[in-house]
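Chemist: The structure follows.
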Amino acid sequence: MARIPPELCAQCKGYKKLCGLPKCPILEEFRARVNSSLKISNKDVNGSTPPSGIIGEYGYPKVLFHYMVPPGLSGDKAKYTDNPVLWSIKKEPLDNIVKMRSELVSATIMVDINRPWELYQNEIGLAIISERPVDSEVLLKKEPLPKLSFDGITKPIGPKAPAEKIIVRDNPKLNITTEKIIWDDLKAEKAIWKIYSSGIDIYTIQNMLSLGFLGKVKNRRLVPTRWSITAVDDIISNELRKKIRDFNEINAIMAFEGEYLSNRFLIIFIPGEGSFEWIEVWHPSSIWTKYATKPIIDKVEEDALGRVSNMDGGFSAARLSVLEYLYKIKRKANVIILREILPTYYAPVGNWHIRETVKNSLLKDPIIKTNDIREIILYIRNWVRANPNDVIEKSELLNLKKRKLTEFMNND
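full-length UniProt numbering numbers the first residue of the sequence shown as 1 and each following residue consecutively.
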C-alpha cells in the first residue's frame, strides 16, 4: 500500500478518514505498540466510576458504550483519573496521563442510539454525570486485553472487555440545575446554553449530550462522544459569538502564550469584527507526522459570521476558550491562534488539553500589548521553531494588517 502523505494525516488526526481507509493505520499501529500496565486476574472489577463514559461510533446506530472503572480506587483518587481541568492546572505529564488511562477498565455493552433509556436503567447514565464518584462493580464476560484505544478528540480508553453486568452501588448525586434540565423539554441547543450559563462545567455537558439527557424528550438520542464534544464547543461558541458581535473592538493588539504536553500556543488578538485563523505547525516525528521530512502547516479560517473553511475539533476547542475570554472582557477582535506541536507529543489524548491550555494562557497578562503589528511579527519570528516565513505567510489577518500599516506609512 502506498504511504499516506503526512500532510493528510496532520489534517485528519485519525478521525476524519481522509485517506479513505476504515481505520487509521497510525492509530492502529500505536494501539498495538502501547500496552496497559494493568493486570486483571479475574472478571469481577470494583471501583468508583469517575464522571466519564464513552459512546462509540463504529457500527452506528448500534455502538459500544464504555463504562470506566478504576480498579481499587475511590473518591478523589478515582475522580482524578478523568479530570482534564486538574491535569492541566497541575501540568500532569503525558506519560502519566497515558498510564493513568491505561489503568481504567472499560466495561462495554452494545447500545442502540435510538434507545437512550437503556442506560437510564440501574442508574448507569446518572453515575457518569454524578457530582461525586459512585462505587461500581462490573462483571466481565472475559478478561480484558492490555491494550489502549486512542483518538484525536476523546481521552484514551483503557483495556476493554464486554460486560456481563454493570452494578451501580451508590446513589448518584446530581447538581440541582443538572437534574432539572434532564426533565426540561428543551431543544438541545437551548438546554446546553442554559446549563452552561448556570456554571456547569463543559465536560459534564458533553457527557449529558452524549448520554441522551438533553434535547426534546421524544427526540433524545445517544450521541457518539467524539461528536458530542465538538457539538457542545460549537453550540456554546455560536451563542457567545452572537453576544460578542455587539461589543466594541479591542483598542490594541495583544498576544498571549502557553504550553502543555509538547503543544505550544500563541494567541493573537487584533482589532476587528471577529474573524479567526487557526494555524497548526506539526513538526516531524510527532504522532501524525512520523514520516514527514519538514514541518507541516495546516490552517482553518472562520469569518466574523461563523462560516468556517473546514471543521476541526482542535480549532473548536481553542475557539471556545478565546470567545469566553472576549465575552469576559466585553470586546470583539480578530484572532490568530498558532499551535506548534513538537515531536515529543507522541500520543493523542483528546482535544481537552487544547481547550484548557488556551483558557489558562488567557488568565495571564499578555506578553505583548501594542499598536504596531511589526512587534507581533518579530515575536513570531523568534517564537516559532519552524521556518517563521512559512508560518507568517499562512496568516491572511497578519498580512492584511501589515499591508494596511505599509499603506498608511506610504500615504503619510
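We treat Cβ as the ideally placed atom computed from N, Cα and C, and that holds for glycine.
Kindly identify the DSSP beta-bridge partner or partners of Ile279.
Modeler: Ile279 pairs with Lys299, Leu338.
Chemist: Could you check where the alpha helix (DSSP H) with Glu189 kicks off and where it finishes?
Modeler: Start and end: 188 to 197.
Chemist: Determine the DSSP secondary structure at Ala347, reduced to helix, strand or coil.
Modeler: Here Ala347 sits in coil by DSSP.
Chemist: Return the first residue and the last residue of the beta strand (DSSP E) that Ala265 is part of.
Modeler: The sequence shown places Phe at residue 265, not Ala. Counting along the chain, the beta strand (DSSP E) containing Phe265 begins and ends at 263 to 270.
Chemist: Buried or exposed: Leu214, going by 16 or more other Cβ atoms within 10 Å of its Cβ?
Modeler: Label assigned to Leu214: buried.
Chemist: For a quick check, are the C-beta atoms of Ala163 and Leu148 less than 9 Å apart?
Modeler: No, they are not a contact pair.
Chemist: Count the C-beta pairs between the stretch 335 to 350 and the stretch 250 to 269 that are closer than 8 Å, then say yes if the count reaches three, no if not.
Modeler: Output reads yes: the stretch 250 to 269 touches the stretch 335 to 350.
Chemist: Here's the rule: buried if 16 or more other CB atoms are within 10 angstroms of the residue's CB, otherwise exposed. What is Met311?
Modeler: Exposed, since its Cβ has fewer than 16 Cβ neighbours within 10 Å.
Chemist: Quick one: grab the DSSP three-state call for Ser102.
Modeler: It is helical.
Chemist: Spell out the partners DSSP gives Glu137 in its beta bridges.
Modeler: Note: Glu137 sits in a beta bridge opposite Asn46, Ile167.
Chemist: Would you give the residue range spanned by the beta strand (DSSP E) that Glu64 belongs to?
Modeler: The residue you asked about is not Glu; residue 64 is Leu in the sequence shown. 62 to 69 is the span of the beta strand (DSSP E), which, as asked, contains Leu64.
Chemist: Shortest alpha-carbon distance to Asp298 belongs to which of Leu104, Ala304, Trp288?
Modeler: Nearest of Leu104, Ala304, Trp288 to Asp298, Cα basis: Trp288.
Chemist: Near Thr344, what residues of its chain come up, given a Cβ to Cβ distance below 6 Å and the 5 sequence neighbours on each side ignored?
Modeler: Cβ neighbours of Thr344 beyond the five flanking positions: Ser262.
Chemist: What are the partner residues of Ile109, as DSSP defines its beta bridges?
Modeler: Ile109 pairs with Phe65.
Chemist: Looking at the strands, I want to know which residues DSSP matches up with Phe256.
Modeler: Per DSSP, Ile267.
Chemist: Where do the ends of the beta strand (DSSP E) carrying Thr370 lie?
Modeler: Unbroken beta strand (DSSP E) run through Thr370: 368 to 370.
Chemist: Please report the straight-line C-alpha distance between Cys9 and Arg101, rounded to a whole angstrom.
Modeler: In a straight line, the C-alpha of Cys9 is about 24 Å away from that of Arg101.
Chemist: Assuming contact is defined by CB atoms lying nearer than 9 Å, are Ile182 and Phe265 in contact in what I supplied?
Modeler: No, these two residues do not count as a Cβ contact at 9 Å.
Chemist: Using only CA atoms, which one of Pro388, Ser48, Arg374, Ile205 lies nearest to Thr225?
Modeler: Answer by Cα proximity: Ile205.
Chemist: According to the Cβ coordinates, are Ala127 and Pro172 closer than 9 Å?
Modeler: Taking 9 Å as the Cβ cut-off, Ala127 and Pro172 qualify as a contacting pair.
Chemist: Taking Gly104 and Thr81 to be in contact with their CB atoms under 8 Å, please state how far apart those CB atoms are, rounded to whole angstroms.
Modeler: The sequence shown places Leu at residue 104, not Gly. That pair is a contact at about 6 Å.
Chemist: Based on Cα-Cα distance, which residue from Val98, Asn219, His66, Ala107 lies nearest to Glu143?
Modeler: That would be Ala107, whose Cα lies nearest to the Cα of Glu143.
Chemist: Near Pro295, what residues of its chain come up, given a Cβ to Cβ distance below 6 Å and the 5 sequence neighbours on each side ignored?
Modeler: Only Val281, His283, Ala386 meet the Cβ criterion.
Chemist: Identify the continuous beta strand (DSSP E) that holds Ile244 and give its terminal residues.
Modeler: Element bounds for Ile244: not the beta strand (DSSP E) but the alpha helix (DSSP H), 225 to 244.
Chemist: What does the alpha-carbon distance come out to for the pair Gly72 and Ile373?
Modeler: The alpha-carbon atoms of Gly72 and Ile373 are separated by roughly 55 Å.
Chemist: Just to confirm my understanding: we take Ser237, look at its own chain, exclude 5 residues before and 5 after, and list those with CB closer than 6 Å. What are they?
Modeler: Within the same chain, Ser237 has close Cβ partners Arg319, Leu320, Leu323.
Chemist: In whole angstroms, what separates the C-alpha of His75 from that of Val391?
Modeler: With the sequence shown as reference, residue 75 is identified as Gly, and His is not the correct amino acid for it. Going by the C-alpha atoms only, they are around 46 Å apart.
Chemist: Is it right to say Met1 is buried, meaning 16 or more other beta carbons lie within 10 angstroms of its own, or is it exposed?
Modeler: Legend: pLDDT at Met1 = 39, less than 50; position of this residue unreliable, no value from coordinates given.
Chemist: Using the DSSP secondary-structure output, state which residues sit across from Val308 in a beta bridge.
Modeler: Val308 is bridged to Glu302.
Chemist: Hey, is the stretch 194 to 210 in contact with the stretch 150 to 158, meaning 3+ C-beta pairs nearer than 8 Å?
Modeler: Cβ pair count under 8 Å is below three, so no.
Chemist: Specify the secondary structure class of Lys173 as computed by DSSP and reduced to three states.
Modeler: Note: Lys173 maps to coil in three-state DSSP.
Chemist: Quick one: using the 10 Å Cβ neighbour count with 16 as the cut-off for buried, is Asn334 buried or exposed?
Modeler: Looking at its Cβ environment, which holds 16 or more other Cβ atoms inside 10 Å, Asn334 is buried.
Chemist: Who does Ala161 pair with in a DSSP beta bridge?
Modeler: In DSSP, Ala161 forms a bridge with Ala107.
Chemist: Could you tell me which of Glu179, Leu209, Val168, Ser197 sits nearest to Lys187, measuring between CA atoms?
Modeler: Per the Cα distances, Leu209.
Chemist: Over the uninterrupted alpha helix (DSSP H) stretch that includes Ile329, give me the two end residues.
Modeler: From DSSP, the alpha helix (DSSP H) with Ile329 extends over 313 to 329.
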